[in-house]
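Peer 1: The following block contains the structure, expressed as structure tokens.
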């Protein structure tokens, strides 16, 4: 496997690979999100209790679950860069952080918009809301630390250490907050085998979820490419690239 | 001279730890302001709350645990800067990292001295301030115990943040952004222990969790601090 992976540790190969991937994945993202969201907003049956306002679920749940996933992905990249000194893992962690922050923010905003008609208030100090808010702070901390260093290499290492400290803390924070207060409704989708959602509601959700997954992939690839370029701007292959393509 | 250096290199872990601890305490006692100011800050912040909220006894005794703990978090945060900054500026931190002793020991000694100078005084002052806030009489034991177990965690986690930001010119605000979210579990369990004690219920569960957090950070934080220091000093 290492032999197969080895060429992708080279920034140039990875740059071109991601360049080839992006159009395919963006097409997939647009298709999935268009189908998923249209289906979810127009054709999926309304909830018998929550009416039409439950439809925000199709954006709220994917962003909320994926925001946690992005943090874990960032932590894995940070671990790889600290243990094996992979420069590219560093770049990918840097590329992921702002995306994670935006996803967390979107999940909080949609959650607030959903909470207003359901619970009668924009914000409640409930366990999941609070831990999501703390997750946003952790993301912002990583981004701020990354920006505070002038040297990209030490910025990546410092942000990596912080990410790993955070990933140890996330379960502790999550359980302490959960223990502190609980109001949020239980998980509806993750019950494999017999989900507590009807199947007509589940399909558009799957489309939306996968759409958001590929959206993350596409944005990460774009940011990753620009990270690679800015870190390797003095390398001959970047100069050649600029000469061949011209500065856009 | 060479003999001296030989002796220093052959120090046992224990004496290396004590040496750093003594050095840091001596430096701190020569600059008494650095020690006293965070404690004054702690007192002043706690005085501000009754002024802002109103002097009603029931309200104050309800929010006293939270106020005392939040003030403890903030005053620890304020004093953290001292932990590595001056050593970083005069280069002695780099010398310590270059020494043959494990950084784990040196870092632990510095954190211990920080706790002795900021965490420990809080434990003695907190009961007095709790009187001002009309804390429930049953809660004093819980307040002291949670502070005793909790403040070392604050110093240990804080050290990670300082080690990450010590090389940055304007690290102060950044430090609070990095560290405060990580303090949340301690805050939650400590205040809930004090609240439980106020209702005359056993609070050993919360104490056990704080103790678990303490031993986890005690074993893991110095590693994070030493690798962060290596990044910061380059």
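Residue numbers (the numbering used here), protein chains in the order written: chain U, 1 to 248; chain Y, 249 to 482. Beta carbons are placed, not taken as given, at the ideal position from N, Cα and C, and that holds for glycine. Note that the structure is predicted; figures quoted are calculated from it, not measured.
So, does the CB of residue 422 (chain Y) fall closer than 9 Å to a CB anywhere in chain U?
Peer 2: yes
Peer 1: Is the CB-CB distance between residue 283 (chain Y) and residue 435 (chain Y) below 9 Å?
Peer 2: No.
Peer 1: Secondary structure at residue 367 (chain Y), three-state DSSP: helix, strand or coil?
Peer 2: helix
Peer 1: What do you get for residue 454 (chain Y), buried or exposed, if any count of 16 or more other CB atoms within 10 angstroms of its CB means buried?
Peer 2: With 16 or more other Cβ atoms within 10 Å, it is buried.
Peer 1: State the DSSP-derived secondary structure class of residue 44 (chain U), mapped to helix, strand or coil.
Peer 2: coil
Peer 1: What whole-angstrom Cβ distance do residue 399 (chain Y) and residue 286 (chain Y) have, given they're in contact under 8 Å?
Peer 2: With 8 Å as the limit, residue 399 (chain Y) and residue 286 (chain Y) do not qualify as a contact, their Cβ atoms being about 12 Å apart.
Peer 1: Consult DSSP for residue 235 (chain U) and reduce its assignment to one of helix, strand or coil.
Peer 2: In the structure shown, residue 235 (chain U) falls within a coil segment according to DSSP collapsed to helix, strand and coil.
Peer 1: Against chain U, with Cβ distances strictly below 9 Å, would residue 418 (chain Y) count as a contact?
Peer 2: So, interface residue.
Peer 1: So the alpha helix (DSSP H) residue 60 (chain U) belongs to, where does it begin and stop?
Peer 2: Boundaries of the alpha helix (DSSP H) around residue 60 (chain U): 57 to 84.
Peer 1: So, with DSSP's three-state summary, where would you put residue 304 (chain Y)?
Peer 2: DSSP places residue 304 (chain Y) in coil when its eight states are reduced to three.
Peer 1: Over what stretch of residues does the alpha helix (DSSP H) that includes residue 179 (chain U) continue unbroken?
Peer 2: 152 to 180
Peer 1: Kindly indicate the opening and closing residues of the alpha helix (DSSP H) around residue 9 (chain U).
Peer 2: Neither: residue 9 (chain U) is in no alpha helix (DSSP H) and is coded neither H nor E.
Peer 1: Could you check what DSSP says for residue 123 (chain U) in three-state terms: helix, strand or coil?
Peer 2: Here residue 123 (chain U) sits in coil by DSSP.
Peer 1: Is it true that the stretch 467 to 475 of chain Y meets the stretch 341 to 361 of chain Y, where meeting means three or more beta-carbon pairs spaced less than 8 Å apart?
Peer 2: yes
Peer 1: Output, in chain order, the set of chain Y residues within a Cβ distance shorter than 8 Å of residue 137 (chain U).
Peer 2: 425, 428 and 429
Peer 1: Who are the Cβ neighbours of residue 109 (chain U) in its own chain at under 6 Å, not counting the five residues just before and after it?
Peer 2: none
Peer 1: Looking at chain C, which residues of the stretch 153 to 172 of chain U have a Cβ within less than 8 Å of any of its Cβ atoms?
Peer 2: Chain labels in this structure do not include chain C; the protein chains are U and Y.
Peer 1: Take residue 357 (chain Y) and list the residues in its own chain whose beta-carbon comes closer than 6 Å to its own, dropping the five residues that flank it on each side.
Peer 2: 265, 268 and 269
Peer 1: Select from U:150, U:161 and U:132 the residue whose C-alpha is nearest the C-alpha of residue 176 (chain U).
Peer 2: For residue 176 (chain U), the nearest C-alpha among the options comes from U:132.
Peer 1: Closer than 7 Å by C-beta to residue 134 (chain U): which residues in its own chain qualify, once you throw out the five before and the five after it? Chain order, please.
Peer 2: 173
Peer 1: Take residue 421 (chain Y) as the anchor and find which of Y:329, Y:261, Y:388 and Y:364 has the nearest alpha-carbon.
Peer 2: The residue from Y:329, Y:261, Y:388 and Y:364 with its alpha-carbon nearest to that of residue 421 (chain Y) is Y:329.
Peer 1: Would you please state the rounded distance, in angstroms, between the beta carbons of residue 215 (chain U) and residue 33 (chain U)? I believe it to be under 8 Å.
Peer 2: 7 Å
Peer 1: Name the chain Y residues whose beta carbon is nearer than 9 Å to that of residue 125 (chain U)?
Peer 2: In chain order: nothing, as chain Y lies at least about 11 Å away.
Peer 1: If you compare alpha carbons, which of U:167, U:225, U:112 and U:230 is closest to residue 153 (chain U)?
Peer 2: U:230
Peer 1: Can you tell me the Cβ-Cβ gap for residue 167 (chain U) and residue 75 (chain U), rounded? I've got them flagged as a contact below 8 Å.
Peer 2: 4 Å
Peer 1: Whole angstroms is fine: what's the gap from residue 190 (chain U)'s alpha carbon to residue 64 (chain U)'s?
Peer 2: Unreliable positioning characterises residue 190 (chain U) in this predicted model, as indicated by a pLDDT of 48, which lies under 50. The coordinate reading is nonetheless provided below. Their Cα atoms are separated by approximately 13 Å.
Peer 1: Thinking just about the alpha-carbon of each residue, which of U:130, U:111 and U:211 is nearest to the one in residue 122 (chain U)?
Peer 2: U:111
Peer 1: Taking the CB atoms as reference points, tell me whether residue 386 (chain Y) and residue 337 (chain Y) lie closer together than 9 Å.
Peer 2: no
Peer 1: Over the uninterrupted alpha helix (DSSP H) stretch that includes residue 332 (chain Y), give me the two end residues.
Peer 2: Looking at the DSSP string, residue 332 (chain Y) is not in any alpha helix (DSSP H), and its letter there is neither H nor E.
Peer 1: With DSSP collapsed to three states, give me the class of residue 21 (chain U).
Peer 2: Helix.
Peer 1: Counting C-beta neighbours from all protein chains within 10 Å, is the total for residue 249 (chain Y) 16 or more, i.e. buried, or is it exposed?
Peer 2: With a pLDDT of only 48 at residue 249 (chain Y), under 50, the local geometry of the prediction cannot be trusted, and the value read off the model is given with reservation. So residue 249 (chain Y) counts as exposed.
Peer 1: By the 10 Å Cβ neighbour count, where 16 or more other Cβ atoms means buried, how is residue 206 (chain U) classified, buried or exposed?
Peer 2: Under this definition residue 206 (chain U) is an exposed residue.
Peer 1: I want to verify the contact list: residues of chain U whose CB lies under 8 Å from the CB of residue 479 (chain Y), in sequence order.
Peer 2: 154, 157, 158 and 161
Peer 1: When the distance is taken between beta carbons, is residue 139 (chain U) closer than 9 Å to residue 101 (chain U)?
Peer 2: Yes, the pair counts as a contact, with Cβ atoms nearer than the cut-off.
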